[in-house]
Amino acid sequence: MGKKIGRGILYFILLCALLRACGALTGHEHTWTDATCTEPQTCSSCGKTDGEPKGHTWEGGTCIEPAVCAVCGESGSKGEHTWAEATCTEPEHCSVCGRDRHWYSLPLGHEWIDATCTAPKTCAVCGETEGDPQHVFVSYRWETTIEPTCQAEGQAENTCTLCGAVETKALPTVGHKADGWTILQEATAGAPGVRVKICAMCGMELERDEYEYTTADSNTGGSGGGNNFNTYNNKDQQNTTDRYVLNTRSRVFHLPSCRDVPRISPSNYSTTNRDRDDLTASGWRACGHCSP
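Residues -26 to -1, 1 to 266 in mature numbering (1 follows the signal peptide of the UniProt record, and there is no 0) are what the sequence shown spells out, letter by letter.
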């Protein structure tokens, strides 16, 4: 009986040894490490692998910067260009690096809509504007509302033919204007007279002159400076568009058609557009023949 027990124990020990030997021949319990971006799952004891690498998890990456793996930090390759369509002012190009897609790429150009009274010139595609709203004014319709003088600018107005808006512009000052000679001192046989030309707008003295006393007998050859109506007959003196003819010697004003006008000495002849009341207030007398 004891021998049987001993043999059983021996058989058990031999069986365990045999099973242990068989395990060494057929394999072992693997200790796996996790797969990475570039390596599959691997046994840390024997190096056996299982499955596939996980692969990189790329983030970012443009045409000028490479992508980077979010797991291992490895740099990848650069990305493609990001092409932006051509616009009115820019050709088709990469929105990242600015490179034109083709060497012959050109902007599309604006599609302008003409300015109106309320809106400036505007591109129908991109909305860009240029200039200011434009009224339509006719160049010949400027109407003078304030006459310019020698001291102040005038003003003219024009009206837009579309909306009725009024535009004004300044008229430049004009030069002084005299209405002929004004006698300051009558000439006598013993002393010359003094006469001046005065601006009708501002009253400035523009010219001063001394003239000699003359008589009818001294007016010969049409060169005298007196007031002898029998010496001259210059009908061209009636050809004026001004309102009145002045005899600066006698201080009398006439209508251009007056019969006395041709006989005024050329040196005493002048014309004016001043009003009658203005002349009489300044000491001029109306002709008794033509009653201006």
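Using N, Cα and C, we set each Cβ at its ideal position, and we do this for glycine too.
DSSP state of residue i mapped onto helix, strand, coil
{"i": "residue 22", "result": "coil"}
{"i": "residue 212", "result": "helix"}
{"i": "residue -3", "result": "Reliability fails at residue -3, whose pLDDT of 46 lies under 50, so the model's placement of it is uncertain and no value is given."}
{"i": "residue 136", "result": "coil"}
{"i": "residue 233", "result": "coil"}
{"i": "residue 145", "result": "strand"}
{"i": "residue 130", "result": "strand"}
{"i": "residue -20", "result": "helix"}
{"i": "residue 238", "result": "coil"}
{"i": "residue 75", "result": "coil"}
Best match in the options for proximity to residue i [C-alpha to C-alpha]
{"i": "residue 228", "options": "218, 250, 56 and 39", "result": "218"}
{"i": "residue 263", "options": "131, 233, 156 and 98", "result": "233"}
{"i": "residue 230", "options": "98, 2, 142 and 266", "result": "266"}
{"i": "residue 166", "options": "26, 75 and 184", "result": "184"}
{"i": "residue 206", "options": "242, 187 and 160", "result": "242"}
{"i": "residue 152", "options": "251, 238 and 177", "result": "177"}
{"i": "residue 180", "options": "245, 115 and 150", "result": "150"}
{"i": "residue 74", "options": "60, 105 and 225", "result": "60"}
{"i": "residue 118", "options": "124, 110, 108 and 129", "result": "129"}
{"i": "residue 302", "options": "50, 46 and 29", "result": "What the structure shows of the chain is the stretch from -26 to 266, and residue 302 is not part of that stretch, so it cannot be assessed."}
{"i": "residue 28", "options": "76, 7 and 35", "result": "7"}
{"i": "residue 163", "options": "187, 93 and 101", "result": "187"}
{"i": "residue 211", "options": "223, 222, 182 and 244", "result": "244"}
{"i": "residue 170", "options": "222, 145 and 208", "result": "222"}
{"i": "residue 82", "options": "182, 115, 58 and 113", "result": "58"}
{"i": "residue 110", "options": "101, 235 and 89", "result": "89"}
{"i": "residue 134", "options": "71, 114, 261 and 52", "result": "114"}
Contacts around residue i, its chain only, beta-carbon distance under 8 Å, and the 5 residues preceding and following it disregarded
{"i": "residue 255", "result": "none"}
{"i": "residue 125", "result": "147, 175 and 176"}
{"i": "residue -18", "result": "none"}
{"i": "residue -3", "result": "With a pLDDT of 46 at residue -3, under the threshold of 50, the predicted position of this residue should be treated as unreliable, though the coordinate-derived value follows. Once the five neighbours on either side are set aside, residue -3 has no close Cβ partner at all."}
Residues of its chain near residue i, where Cβ-Cβ distance is below 6 Å and the 5 sequence neighbours each way are ignored
{"i": "residue 84", "result": "62 and 97"}
{"i": "residue 55", "result": "37 and 68"}
{"i": "residue -15", "result": "none"}
{"i": "residue 80", "result": "65"}
{"i": "residue 13", "result": "27"}
{"i": "residue 99", "result": "62 and 85"}
{"i": "residue 103", "result": "94 and 96"}
{"i": "residue 41", "result": "32, 34, 35 and 50"}
Residues that DSSP places opposite residue i in a beta bridge
{"i": "residue 220", "result": "227 and 244"}
{"i": "residue 159", "result": "168"}
{"i": "residue 182", "result": "170"}
{"i": "residue 49", "result": "42"}
{"i": "residue 87", "result": "96"}
{"i": "residue 57", "result": "68"}
Cβ shell of residue i (< 7 Å), same chain only, five flanking positions each side left out
{"i": "residue 44", "result": "31 and 33"}
Distance between beta carbons of residue j and residue i, contact taken as under 8 Å
{"i": "residue 122", "j": "residue 147", "result": "5 Å"}
{"i": "residue 18", "j": "residue 10", "result": "Not a contact, Cβ separation roughly 13 Å."}
{"i": "residue 91", "j": "residue 139", "result": "7 Å"}
{"i": "residue 259", "j": "residue 226", "result": "5 Å"}
{"i": "residue 213", "j": "residue 240", "result": "About 14 Å separates the two Cβ atoms, so there is no contact after all."}
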